[in-house]
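To start, the structure itself, in structure tokens.
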Amino acid sequence: MTEKNRYWVALIVLMWMSATLRVLGHSEPTKWALLVAGSNGYENYRHQADVCHAYQILKKGGLKDENIIVFMYDDIALHPDNPRRGVIINHPNVLSGNKSAVKGGSGKVLASGPNDTIFIYYADHGSTGYVTEGVLSGKDFVDALKKKHAARSYKKNGENKF
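When you read off a place in the sequence shown, starting at 1, and then add 2, the result is the number in our numbering.
Right under this line is the structure:
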């Protein structure tokens with residue numbers, strides 16, 4: 003199994019696990035964010051930079067780190083072609099390359115409850131019907147969200163207001 007396939011399998015497993023996990027005694031609605039950069043390589047720098055930018059905006063807006071789940075490759079901040087090694091830039095903002103946002107394997111899961119809101123941001127090339135061609139179809143992704151909603155694991159998806 004390739005690294006990219008393992009990455010997407012982990013995403014699907016986490017989404018399914020989160021449908022069954024809930025924080026006990028959780029009465030206040032919580033806002034969650036799932037940020038995904040589906041491509042890798044320095045030539046796709048913009049996708050990872052966009053996810054880092056979204057992370058910083060959410061943090062500035064008050065979303066807690068434990069409620070932001072980031073999936074992205076760790077191959078641009080220290081890439082030999084990066085003129086500012088260790089720094090990821092999304093014009094006009096300069097992002098300091100927060101290690102927790104760049105590295106995977108945080109152990110976080112989307113443990114949302116029935117009154118919670120989930121914001122999902124996905125940055126990649128994409129194609130008709132596919133999130134990542136040959137790995138995860140758009141239909142499978144939407145079906146996973148529908149099942150999560152049916153299990154009362156969230157109230158609404160971010161829509162226009164968050």
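Beta carbons: idealized from backbone N, C-alpha and C, even for Gly.
Figure out for me which residue from the options has the closest Cα to the Cα of residue i.
i, options, result
"G40", "S155, G63, A125, K157", "A125"
"N74", "P82, G64, R48, R87", "Note on residue identity: the sequence assigns Met, not Asn, to residue 74. Among P82, G64, R48, R87, the Cα nearest to that of M74 is on R48."
"N77", "E45, D118, I70", "Looking at the sequence provided, one finds Asp at residue 77 rather than Asn. Closest option to D77, Cα to Cα, is E45."
"E68", "T32, S155, N117", "T32"
"Y217", "S155, V53, R86, L147", "What the structure shows of the chain is the stretch from 3 to 164, and residue 217 is not part of that stretch, so it cannot be assessed."
Should residue i be listed as close to the ligand FMN, given that the test is whether its C-beta is under 7 angstroms from any heavy atom?
i, result
"M74", "Inclusion of the ligand FMN in the displayed structure is not the case, the ligand content being empty and no account of it being possible."
Any idea if residue i is buried or exposed, counting beta-carbon neighbours within 10 angstroms, 16 or more meaning buried?
i, result
"L80", "exposed"
"A152", "exposed"
"V96", "In this prediction, V96 has a pLDDT of 24, which is less than 50 and means its spatial position is unreliable; nothing more can be read from the coordinates."
"D83", "exposed"
"G64", "exposed"
"G106", "For G106, the predicted structure reports a pLDDT of 42, less than 50, and the residue's modelled location is therefore unreliable. The matter cannot be settled from this model."
"P94", "Low confidence applies here, because P94 scores a pLDDT of 34, under 50, leaving its location unreliable and the question unanswered by this model."
"V144", "exposed"
"K150", "buried"
"G115", "buried"
Does DSSP put residue i in a helix, a strand or coil?
i, result
"Y156", "coil"
"I78", "coil"
"L65", "coil"
"V144", "helix"
"A56", "helix"
"E45", "helix"
I'd like to check one pair, residue j with residue i: are the Cβ atoms closer than 8 angstroms?
i, j, result
"I90", "W34", "no"
Run through the DSSP bridge pairs and tell me what residue i is partnered with.
i, result
"A51", "Bridge partners of A51: none, in fact."
"G38", "It is worth fixing the name first, because residue 38 is Val in this sequence and not Gly. According to DSSP, V38 bridges with F73, Y124."
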